[in-house]
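Please read the structure below before turning to the comments.
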Amino acid sequence: MVEQATKMKRLINAIWIFNWFNSCGFCELVPLVGSRWDMERFGMIITGTPRHADVLFIAGYQTLKSIKRAQVIYEQMPDPKAVIALGACTMSGGMYWDSYNTIKRLADYIPVNIYIPGCPPRPEAVFEACMKIFHHVGAVPPHGRKFAKAHRG
Amino acid sequence: MAEILHKEGKVIEDISAKFKIAGKAQRERRVWVTIDKDNLIALCNFVKELGFEHLSAISVTDWPEEGTFELTYHLWSYSKKILLTIKTKLDRTDPIVDSVISIWRENAQIHERELHELFGVEFEGNEDLTPLFLEDWDGPPPFRKDFDWKEYVRQQCYDQANERERAYYD
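Protein sequence lines correspond, in order, to chains Z and Y.
To convert, note that position 32 of the first sequence is 32 in our numbering; the numbers rise steadily by one, no gaps.
To convert, note that position 112 of the second sequence is 1112 in our numbering; the numbers rise steadily by one, no gaps.
In structure tokens form, the structure reads like this:
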């Protein structure tokens, strides 16, 4: 946990995002990109390649075929990295809980850091999830503080 | 009415003169023909020559009570402006049919591949019937009506002994 928080420290300046959205997934993030909620003011930018991304946003149901691509994307991302799963589908399969071709729990396939419930989640909830990453870094135990102090010089 | 459906009637006449089957002109630009599966390729070759150069779609309808799969080929002619639909029936226990890939090429490929995956229909002559969506699938073809997908999902994904997943079995 401590080690993870230390790694997260390096994420704190900005979050660069790679999106992996199936089906209606991107409707959950569209308001954030627009001017009303405007995630860029917090330094959140959508990158074109997983190799530049700190955070992987996954939303919508994942099929047995697309989850393999998601795993490849996750492996391509440089450390430290976090996965934020949006919406009901990633938690339980959502309305596709009885489909033969979708996965039911995303965490069985990819290490998920935070789930955001909702169908779709409110944009505020997505911001809150990102803030929780920051707060998690802020509330790190002594080892982490020492790390932070050393960095303050 | 007869004048309006003149060109549709001409297509049916041409087909029935050669294949001894009746067709139906449902309305303007809409023609239906049913044929047995042995003559399917001959008919397809014939209508391609007539000008039906575009294969819009192939679909399968499952009739478990009858024990048949019904194949439906939707063909469009750019010159005649007619949508011709050819129907044929297959035995459900032994669903093998000749591929139309030699006639419509890439048009047919994606449809035959999909129907092979979803219904288990064999298209003889099609070289590439690898799965399209269902990688690593080992269950029965999922679009068949006798496939109990709810039961399949319960078996595969949910544990009845798990308290949190017991609700899926109610």
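Where a beta carbon is used, it is the ideal one built from N, C-alpha and C, also for glycine.
Quick caveat, the model's predicted, so the values are computed rather than measured.
Relative to the Cα of K1037(Y), the nearest Cα in the group I1101(Y), T1093(Y), K1150(Y) and K1087(Y) belongs to K1087(Y).
Secondary structure at N1045(Y): helix, using DSSP grouped into helix, strand and coil. At least one CB atom of chain Z sits nearer than 7 angstroms to the CB of Y1152(Y). Taking 7 angstroms as the cut-off, the beta carbon of L1043(Y) is found closer than this to the beta carbon of F1019(Y). Identification of chain Y residues near Y100(Z) by a Cβ-Cβ cut-off of 8 angstroms yields G1139, P1142, W1149, Y1152, V1153 and Q1156, ordered along the chain.
Around the beta carbon of V72(Z), fewer than 16 other beta carbons sit within 10 angstroms, so the residue counts as exposed.
Taking the C-beta atoms as reference points, W1149(Y) is found nearer than 7 angstroms to Y100(Z). The criterion of a C-beta distance shorter than 7 angstroms is satisfied by E1112(Y) and N1126(Y). When secondary structure is reduced to three states using DSSP, F21(Z) falls in the strand class. Membership of G1023(Y) in any alpha helix (DSSP H) is not indicated; the residue belongs instead to the beta strand (DSSP E) covering G1023 to R1027.
Secondary structure in the segment 88-147 of chain Z: the alpha helix (DSSP H) runs of 4 residues or longer, each lying completely within the stretch, are 88-92 and 123-138 in chain order. Non-local C-beta neighbours of Y1073(Y) in its own chain, meaning closer than 6 angstroms and more than five positions away in sequence, comprise I1058 and I1086, ordered along the chain. With a 10 Å radius around the Cβ and a threshold of 16 neighbouring Cβ atoms, K81(Z) comes out buried.
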